[in-house]
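Colleague: Residue numbers (this note's numbering): 32 to 283.
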Ligand SMILES: NC(=O)c1ccc[n+]([C@@H]2O[C@H](COP(=O)([O-])OP(=O)(O)OC[C@H]3O[C@@H](n4cnc5c(N)ncnc54)[C@H](O)[C@@H]3O)[C@@H](O)[C@H]2O)c1
């Protein structure tokens, strides 16, 4: 059974998959009891942050914090502030991510470093900031948003694929470190999901992608959010160190 009022922190919560995760965790309920209060981190679009808070309403507490997820110092300060507002932390979702695609021949050092800092270093930053609390309460759920690209690679995304493969190694290592303390650490690897991140694809690129997806459609942010919600629930108590693809069958 889901316990009352867990406390969740989600990085990159203003749009796309992160927004769907914030909504899923806030709306999830069992036996008439809401699942989680949520603090989300974002680095742009104050109006989007306000809109989400309005959309979720008053039943669940939702707090927004503006911070750069790639900054170690910001992460510690933001998590401290979020814990103060939420009264603790039970769940961390590392979702913030960016792309800066190019063939290696043309990829700049800046674009390689930036993608690693936002996508991978942020996972270290936020996991490090919550782990002491989770260990001392002997309970925690960490879900990291990786990508199928971290499993199979993708031409033009060596920086992004490296960051996502790094997240998978990080997930399995931390899962082994904290399994005996009641903390699970899992990764979700989305395939191609309809968000602003993938909106740059033209129609021809979309059709080529769809050809390679057995379910013949791109995913929706909610497809990913539901799996994240499940991994945070008590039904997933005995699952740790796993990478679950949500990709319409692309990688099997
Ligand atoms: N959309 C896809 O097809 C897809 C596929 C696989 C994996 N993913 C992963 O899912 C996650 C979410 O992707 P999305 O498609 O929703 O992307 P998006 O671009 O729509 O949203 C990204 C979110 O991350 C936040 N963010 C970016 N940089 C940040 C920073 N430095 N500090 C704080 N917040 C920051 C943004 O504010 C935004 O809320 C990312 O990690 C992405 O790599 C997406």
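Ideal placement from N, C-alpha and C gives every residue a C-beta, glycine not left out.
Since the model is a prediction, treat every value here as computed from it, not as a measurement.
Output needed for residue 271: all residues of its chain with C-beta closer than 7 angstroms, excluding positions within five of it in sequence on either side, in chain order.
Modeller: For the purposes of this step, residue 271 is taken as residue 240 along the chain shown, with counting starting at 1. Same-chain partners within the cutoff: 206, 210, 215, 216 and 217.
Colleague: Cβ of residue 221 versus every heavy atom of ligand 1: is any distance shorter than 7 angstroms?
Modeller: Taking the first residue of the chain shown as 1, we reach residue 221 at position 190. Yes, ligand 1 has a heavy atom inside 7 angstroms of this Cβ.
Colleague: Thinking C-alpha only, which one of 90, 57, 74 and 143 is nearest residue 43?
Modeller: Numbered from 1 along the chain shown, position 12 holds the residue referred to as residue 43. Nearest of 90, 57, 74 and 143 to residue 43, Cα basis: 74.
Colleague: Under the three-state reduction of DSSP, which class applies to residue 4: helix, strand or coil?
Modeller: What the structure shows of the chain is the stretch from 32 to 283, and residue 4 is not part of that stretch, so it cannot be assessed.
Colleague: What are the residues that DSSP puts in a beta bridge with residue 179?
Modeller: Within the chain shown, the letter at position 148 stands for residue 179. In DSSP, residue 179 forms no bridge with anything.
Colleague: Looking only at its chain, what residues have a beta carbon closer than 6 angstroms to the beta carbon of residue 125, apart from the 5 residues adjacent to it on each side?
Modeller: Residue mapping note: residue 125 aligns to position 94 of the chain shown, counting from 1. For residue 125, where only same-chain residues beyond five positions count, the Cβ hits under 6 angstroms are 42, 154, 157 and 175.
Colleague: Is residue 99 near ligand 1, going by C-beta to nearest heavy atom under 7 angstroms?
Modeller: Translated into positions along the chain shown, residue 99 becomes position 68. Flag set: Cβ of residue 99 near ligand 1.
Colleague: Mind checking whether the beta-carbon of residue 149 lies closer than 7 angstroms to any heavy atom of ligand 1?
Modeller: Counting from 1 along the chain shown, the entry for residue 149 is found at position 118. Yes, ligand 1 has a heavy atom inside 7 angstroms of this Cβ.
Colleague: Can you tell me whether residue 128 sits near ligand 1, meaning its C-beta is under 7 angstroms from at least one heavy atom of the ligand?
Modeller: Along the chain shown, one-based indexing puts residue 128 at 97. Correct: residue 128 has its Cβ closer than 7 angstroms to ligand 1.
Colleague: I believe residue 342 touches residue 152 by the beta-carbon criterion, under 8 angstroms. Please report the beta-carbon distance rounded to the nearest angstrom.
Modeller: Residue 342 lies beyond the stretch modelled for the chain, which goes from 32 to 283, so this question has no answer here.
Colleague: What's the gap between the Cα of residue 56 and the Cα of residue 237?
Modeller: As a working mapping, residue 56 is identified with position 25 in the chain shown. As a working mapping, residue 237 is identified with position 206 in the chain shown. So the two alpha carbons sit approximately 30 angstroms from each other.
Colleague: Residues in the same chain with beta-carbon distance under 6 angstroms from residue 274, minus the five sequence neighbours each way, listed in chain order, please.
Modeller: Counting from one through the chain shown, the residue named residue 274 turns up at place 243. 199, 218 and 220.
Colleague: Return the CA-CA distance between residue 182 and residue 167, expressed in angstroms with no decimal places.
Modeller: Residue numbering aside, residue 182 sits at position 151 when the chain shown is read from its first letter. Residue numbering aside, residue 167 sits at position 136 when the chain shown is read from its first letter. Rounded to the nearest angstrom, the two C-alpha atoms are 33 angstroms apart.
Colleague: Measuring alpha carbon to alpha carbon, tell me which of 129, 280 and 240 ends up nearest residue 193.
Modeller: To locate residue 193, count along the chain shown from 1; it is residue 162. That would be 129, whose Cα lies nearest to the Cα of residue 193.
Colleague: Please confirm whether residue 98 and residue 70 have their CB atoms less than 8 angstroms apart.
Modeller: As a position in the chain shown, residue 98 is number 67, starting the count at 1. As a position in the chain shown, residue 70 is number 39, starting the count at 1. Their beta carbons are not under 8 angstroms apart, which means residue 98 does not touch residue 70 by this criterion.
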